[in-house]
Amino acid sequence: MIDHIQLAAVLFVCAILTFVGASLPRQGATFIAALFTICAFSALFFQVQQ
Numbered sequence: 001m002i003d004h005i006q007l008a009a010v011l012f013v014c015a016i017l018t019f020v021g022a023s024l025p026r027q028g029a030t031f032i033a034a035l036f037t038i039c040a041f042s043a044l045f046f047q048v049q050q
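Numbering (full-length UniProt numbering), first residue to last: 1 to 50.
Set out below in structure tokens:
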């Protein structure tokens with residue numbers, strides 16, 4: 001399984017990206033939403049690998 005520290009770091013980065021995206025215009029928010037999705041899938045991918 002993924003380390004709790006790694007998981008916390010990933011969630012922290014995702015939260016920051018979401019917060020930044022919320023303060024941006026619509027295009028920026030869409031871009032951040034895409035990054036958030038990639039972030040979540042990569043976290044799942046790493047969890048499956050270990």
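Where is the CB? At the ideal position from N, CA and C, for every residue including glycine. Given the structure is predicted, the values throughout are model-derived calculations rather than measurements.
- Per DSSP, Ser42 is one residue of the alpha helix (DSSP H) stretching across 26 to 49.
- Counting only the Cα atoms, Leu7 lies some 16 Å from Leu35.
- It is roughly 13 Å from the alpha-carbon of Phe46 to the alpha-carbon of Leu11.
- Linking Val13 to Phe19 through their CA atoms gives a straight-line distance of about 10 Å.
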